[in-house]
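2 protein chains.
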Amino acid sequence: MTLRQDNPSLEDSLIARYFQPLATDPGAFALGDDAAILSADGADIVVTTDAIVEGVHFLPNDPPDSVARKALRVNLSDLAAKGATPAGFVLTLALRQAEASWLEPFARALGEDASAFACPLLGGDTVATSGPLMISVTAFGRVPAGRMVRRCGARVGDRVVVTGTIGDAALGLDVLKRGAAAAVLSSDPAAQAALVARYRVPQPRNALAAALRDHAHAAMDVSDGLAGDLAKLCAESLVSASIDLVSLPLSVPATTLLACGVIGFDLLLSGGDDYEVLCTIPEQRLQAFAAEAKQAGVVVTAIGTVMAGTAAPRFIDAQGRQIALQRLSYSHF
Amino acid sequence: MTLRQDNPSLEDSLIARYFQPLATDPGAFALGDDAAILSADGADIVVTTDAIVEGVHFLPNDPPDSVARKALRVNLSDLAAKGATPAGFVLTLALRQAEASWLEPFARALGEDASAFACPLLGGDTVATSGPLMISVTAFGRVPAGRMVRRCGARVGDRVVVTGTIGDAALGLDVLKRGAAAAVLSSDPAAQAALVARYRVPQPRNALAAALRDHAHAAMDVSDGLAGDLAKLCAESLVSASIDLVSLPLSVPATTLLACGVIGFDLLLSGGDDYEVLCTIPEQRLQAFAAEAKQAGVVVTAIGTVMAGTAAPRFIDAQGRQIALQRLSYSHF
């Protein structure tokens with residue numbers, strides 16, 4: 040491993056300069072070996088991997104610091120949903136060229152997040168590509184043995200709970216693409232900026248990991264749209280669910296856009312990039328879970344109930360009607 | 040994680056069909072969760088990550104089965120050099136499109152290697168790219184606590200040892216690019232095929248891991264050319280080395296090409312893609328190491344000696360002259 044570069048002049052010095060400072064864990068050997076050591080410390084190691092690609096998961100003109108944060112945070116979000124404490128990560132960077140003007144802010148932001156989330160760089164690989172930039176991260180966490188929160192544990196009667204607000208990242212992408220949301224919000228640059236920030240820099244809910252371990256029957260992070268991800272959780276748990284759209288936690292701009300008919304629930308429920316936690320909590324634990332979440336500074340909202348059966352989850356509007364979704368989630372191909 | 044695809048129709052079924060059978064470890068949850076569990080079993084977890092890119096590490100018309108094997112094996116080679124026993128891997132696949140005609144042989148070969156090397160698929164991510172194919176693997180191994188073989192342990196007087204033969208992969212690439220080697224070997228298709236196979240499908244020396252743990256002071260795998268990799272090992276160990284080129288283990292075609300002056304030592308020493316193990320063994324352990332290697336079916340050859348100082352390693356020819364290398368290793372940028 041090591042963030043190896045094969046031209047010992049330019050690239051090695053860039054790597055040494057920008058990435059060695061991030062390799063703070065003794066097991067990373069300052070990126071000076073082929074591999075890193077990850078100590079389990081008696082825990083289970085939780086492993087997750089997610090890549091982001093220019094033009095698919097971030098835009099070509101997104102600033103390098105937000106690209107770095109997104110690359111790490113989409114993985115931290117998985118660790119959070121599984122109830123795991125971050126332990127470190129490895130990085131594959133596919134670049135068209137090794138430019139200090141891009142690498143410097145990228146590595147600085149990555150280091151800030153690695154430090155903030157206590158998830159040090161353990162190693163990586165840089166490769167050349169003629170195509171879009173790609174950043175692949177494999178992140179590691181620790182959970183007490185046997186305590187990873189699975190997708191498959193939801194039980195009939197559980198409340199369906201989400202963190203934060205849903206749909207803002209999809210609206211942020213719409214703003215960046217100068218879609219309908221951008222037009223309506225043209226006089227509100229602060230709202231536009233807030234939505235764009237949700238798209239560019241996820242806020243992973245790692246502060247909630249312990250509460251999820253203690254109370255959730257099932258959990259996953261919402262990365263591809265709430266509708267599709269809830270369908271996956273239900274399928275793994277062999278259950279269905281009913282969601283009350285009136286309970287769906289929405290930001291002020293999302294509420295405004297929905298109220299004036301510029302967008303429908305489709306975009307909010309299938310837009311992706313939320314990086315919130317979706318979980319199911321037994322009714323009798325909901326109060327304790329909410330209290331621990333509040334303590335952790337994370338807003339949680341019960342939006343529905345786990346139902347018997349294997350039908351696709353139903354989404355019920357304020358008039359009690361089931362709405363039909365055009366699509367469940369975002370497709371990369 | 041999971042090898043997720045967001046269009047639940049085509050891609051999910053391809054992933055389920057081709058990759059789920061590879062997720063044989065219970066900790067992979069049949070790719071049905073966001074993350075996998077890796078049990079340390081009281082060992083240190085060794086983590087390594089290496090990516091291969093179309094046009095850089097493999098050729099656009101390389102068959103998908105050899106691409107799969109190379110992607111995994113370059114990582115298995117790192118685990119071998121560190122003395123680690125393979126424990127599993129995660130995969131990021133960046134594809135232009137999800138084609139069954141490519142994915143089927145790719146996944147089948149990957150599964151065969153995962154099984155042969157006891158290194159099951161734990162999870163992954165598939166993403167779309169408009170650029171070259173890229174396969175990033177993060178592989179995990181186990182070593183008894185504190186026993187990973189480092190780059191930095193070489194001591195003055197140690198013998199420098201390599202496995203297998205050096206330079207064949209570089210010659211294989213030359214054959215594929217119809218270079219000088221191809222012209223000279225035009226009447227020997229078997230030799231050409233053997234060299235091409237060395238380029239396309241590395242033979243990682245995992246059978247040697249225990250012997251390396253028991254006897255090597257330092258080790259790494261030779262991926263970017265022996266000259267450059269030896270320089271890195273020496274730099275990490277704060278030593279130098281002297282290599283007797285007459286001892287360098289060469290295949291028959293390499294010997295032929297060298298003898299008739301078509302190639303020089305440069306290409307063999309800096310061509311890259313060898314995926315042999317380079318290690319330093321104390322003199323008094325060399326015999327025991329060689330015996331264990333033979334038992335493991337791996338040919339090992341002492342090619343020189345670790346020297347005091349921090350000068351670049353010297354390469355001495357049959358006449359006792361130090362040869363000058365044009366470059367140490369292959370550059371991706």
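Those protein sequence lines, which keep their order, are chains C and F. Here the working numbering is used: the first residue of the first sequence is 40, the next is one more, and so on. Here the working numbering is used: the first residue of the second sequence is 40, the next is one more, and so on. Ideal Cβ positions, reconstructed from N, Cα and C, are used throughout, including at glycine.
Discussion item. At a CB distance below 7 Å, what residues from the region 159-182 of chain C approach chain F? Give them in sequence order.
Written reply: Leu161, Gly162, Gly163, Asp164, Val166, Ala167, Thr168, Ser169, Gly170, Pro171, Met173, Ser175, Thr177
Fill in: Contiguous alpha helix (DSSP H) assignments of at least 4 residues, all confined to the region 183-271 of chain F
207-215, 219-223, 228-239, 248-254
Discussion item. Mapping the DSSP letters down to three states, classify Thr294 of chain C as helix, strand or coil.
Written reply: helix
Practice prompt. Could you tell me whether any Cβ in chain F is nearer than 7 Å to the Cβ of Val337 of chain C?
Written response: no
Discussion item. Measuring straight from C-alpha to C-alpha, what distance separates Thr202 of chain C and Ile342 of chain C?
Written reply: 10 Å
Fill in: Cα-Cα separation between Ala257 of chain F and Asp152 of chain F, rounded to whole angstroms
27 Å
Fill in: Gly264 of chain C classed as buried or exposed, judged by whether at least 16 other C-beta atoms fall within 10 angstroms
buried
Fill in: Straight-line Cα distance separating Asp283 of chain C from Gln44 of chain C
Because the pLDDT of Gln44 of chain C is 40, which lies under 50, any placement of that residue in the model is unreliable, and the number read from its coordinates should be weighed accordingly. Taking the straight line from one Cα to the other gives about 52 Å.
Item to complete: Would you mind working out which of F:Pro243, F:Leu212, F:Val195, F:Ala298 sits nearest Ala233 of chain F, comparing C-alpha positions?
Response: F:Leu212
Worksheet item: Are there three or more Cβ pairs, one per stretch, closer than 8 Å when the region 81-96 of chain C is compared with the region 169-187 of chain C?
Response: yes
Worksheet item: Gly71 of chain C versus chain F: which residues are under 8 Å apart at the beta carbon?
Response: Arg190, Cys191, Glu275
Worksheet item: Taking buried to mean at least 16 other C-beta atoms within 10 Å of its own C-beta, is Ser309 of chain F buried or exposed?
Response: buried
Worksheet item: So which residues on chain C does Leu90 of chain F lean against when the C-beta distance must stay under 8 Å?
Response: Reading the sequence as shown, one finds Ala at residue 90 of chain F and not Leu. By Cβ distance, chain C contributes Thr131, Ala133, Asp164, Val166, Ser175.
Fill in: Residues bridged to Gln125 of chain F [DSSP beta-bridge criterion]
One detail in the question is off: residue 125 of chain F reads as Pro in this sequence, not Gln. Its beta-bridge partners are F:Gly180.
Discussion item. Would Trp141 of chain F and Pro103 of chain F qualify as a contact pair, given that the criterion is a beta-carbon distance under 7 Å?
Written reply: yes
Worksheet item: Mind checking if Ile320 of chain F is an interface residue toward chain C, Cβ cutoff 7 Å exclusive?
Response: no
Fill in: Other residues of its chain near Leu325 of chain C: CB distance less than 6 Å, five sequence neighbours each side excluded
Arg198
Worksheet item: Nearest to Leu106 of chain F by CA position, among F:Arg189, F:Arg239, F:Thr87, is which residue?
Response: According to the sequence provided, residue 106 of chain F is Val. The question's Leu does not apply to it. Nearest C-alpha to Val106 of chain F: F:Arg239.
Practice prompt. Could you please give me the residues that DSSP links to Leu4 of chain C through a beta bridge?
Written response: There is no way to answer for residue 4 of chain C, as the model of chain C reaches only from 40 to 372.
Discussion item. Can you check which of these residues, C:Cys299, C:Ala248, C:Phe328, C:Ala62, is closest to Arg147 of chain C by C-alpha distance?
Written reply: C:Ala62
Discussion item. Taking CB distances under 7 Å as the criterion, tell me whether Ser52 of chain F reaches chain C.
Written reply: no
Discussion item. Below 7 Å on C-beta distance, what does Leu77 of chain F contact in chain C?
Written reply: Ile84, Val86
Item to complete: Indicate whether at least one CB of chain F lies closer than 7 Å to the CB of Val95 of chain C.
Response: yes
Worksheet item: What in chain F is Cβ-close to Lys121 of chain C, meaning under 7 Å?
Response: Asp73, Ala74
Worksheet item: The alpha helix (DSSP H) spanning Glu151 of chain F covers which residue range?
Response: 139-155
Worksheet entry | Close beta carbons around Lys121 of chain F, own chain, < 6 Å, minus the five adjacent residues each side | Val85, Met187, Val188
Worksheet entry | At least three beta-carbon pairs within less than 8 Å, the region 218-228 of chain C to the region 273-291 of chain C | no
Worksheet item: In angstroms, rounded to a whole number, what distance separates the CA positions of Glu170 of chain C and Phe97 of chain F?
Response: Per the sequence shown, residue 170 of chain C should be read as Gly rather than Glu. Each residue's alpha carbon lies about 15 Å from the other.
Practice prompt. Find the residues of chain F that neighbour Asp260 of chain C, judging by a C-beta separation of less than 9 Å, and give them in chain order.
Written response: Asp73
Item to complete: Could you tell me whether the region 312-326 of chain F touches the region 155-172 of chain F, where touching means 3 or more Cβ pairs closer than 8 Å?
Response: no
Worksheet item: Name the chain F residues that come within less than 7 Å of Met346 of chain C, Cβ to Cβ?
Response: Within 7 Å Cβ-Cβ: nothing; Met346 of chain C doesn't reach chain F, min ~20 Å.
Worksheet item: Phe328 of chain C by DSSP, collapsed to three states: which one?
Response: helix
Item to complete: Just grab the DSSP bridge partners of Ser318 of chain F for me.
Response: Note that residue 318 of chain F is Cys in the sequence shown, not Ser. In the DSSP output, where bridge partners are listed per residue, Cys318 of chain F has F:Val200, F:Ala258.
Discussion item. On the DSSP bridge list, what partners appear for Thr88 of chain C?
Written reply: C:Thr177
Item to complete: Report the option in F:Thr294, F:Lys271, F:Ala209 whose CA atom is closest to the CA atom of Tyr314 of chain F.
Response: F:Ala209
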